[in-house]
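Enquirer: In our numbering, the protein residues as written are 2 to 213.
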């Protein structure tokens, strides 16, 4: 069905929840993605830093097909998936949304690494749910308006009908892609890997058998 709805872009981490701070003035990048305004106050020592989470599909949407292994991302993306390339990773941003190299950031007082990660993941998923719900709600509104307009045009001489092109299908709606699903996939792989290693170690420690 034709619609004017567009999926809203994902919001950057909320400015009300900084979890880090710049230890020193952050050097300005040269010819790198998302280059900020030079000498921005957002990149001075003591400025707040926000922990974001980025999925591979989102990285490719924003930055194209560049490799996550390029030097800029080795210095900005951290943690995350152990795959190569990783399906998700954490990313520090300044208050203007530009990437920060993690070596210049420290956690704010009272904030642990785990706290910051939980906040980044839950905020990502909350925003993902909100933007998909907004899009799907607009799909329903557009469909309703279209049907009402055609009901009015057709008049009351015949029972109301829904034209084939105005029927909504499951594929018309957006499906949220949550960060927690990626984390659980990684967790499942790591647990399986650990179990296999434990089994291999147990076999290696077993005494040799002298009987057939």
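Where a beta carbon is used, it is the ideal one built from N, C-alpha and C, also for glycine.
With three or more C-beta pairs closer than 8 Å as the rule, is the stretch 95-115 touching the stretch 154-167?
Expert: Contact fails: fewer than three Cβ-Cβ distances are below 8 Å.
Enquirer: Mind checking whether residue 273 and residue 54 have CB atoms under 8 Å apart?
Expert: Since the first residue shown for the chain is 2 and the last is 213, residue 273 is missing from the structure and cannot be characterised.
Enquirer: Measuring straight from C-alpha to C-alpha, what distance separates residue 9 and residue 205?
Expert: Within the chain shown, residue 9 is the residue found at index 8, counting from 1. Within the chain shown, residue 205 is the residue found at index 204, counting from 1. Cα to Cα, the separation comes out at about 54 Å.
Enquirer: Quick check on the burial criterion: 16 or more other C-beta atoms within 10 angstroms. Buried or exposed for residue 91?
Expert: Reading the chain shown from its first residue, position 90 is the one you call residue 91. Buried, because 16 or more other Cβ atoms sit within 10 Å of the Cβ of residue 91.
Enquirer: Based on Cα-Cα distance, which residue from 46, 124 and 176 lies nearest to residue 140?
Expert: Here residue 140 refers to the residue found at position 139 of the chain shown. Comparing Cα-Cα distances from residue 140 to each of 46, 124 and 176, the minimum goes to 176.
Enquirer: Determine, using beta carbons only, whether residue 94 and residue 14 come nearer to each other than 8 Å.
Expert: For this step, residue 94 is matched to residue 93 along the chain shown. For this step, residue 14 is matched to residue 13 along the chain shown. Yes.
Enquirer: Pull up the CB-CB distance for residue 89 and residue 180, whole angstroms please, since I reckon it's below 8 Å.
Expert: As a working mapping, residue 89 is identified with position 88 in the chain shown. As a working mapping, residue 180 is identified with position 179 in the chain shown. Residue 89 to residue 180, Cβ: 6 Å. Contact.
Enquirer: For the beta strand (DSSP E) containing residue 53, list its first residue and its last residue.
Expert: Taking the chain shown and counting its residues from 1, the one referred to as residue 53 is at position 52. Taken as a continuous stretch (DSSP letters only), the beta strand (DSSP E) holding residue 53 covers 49-56.
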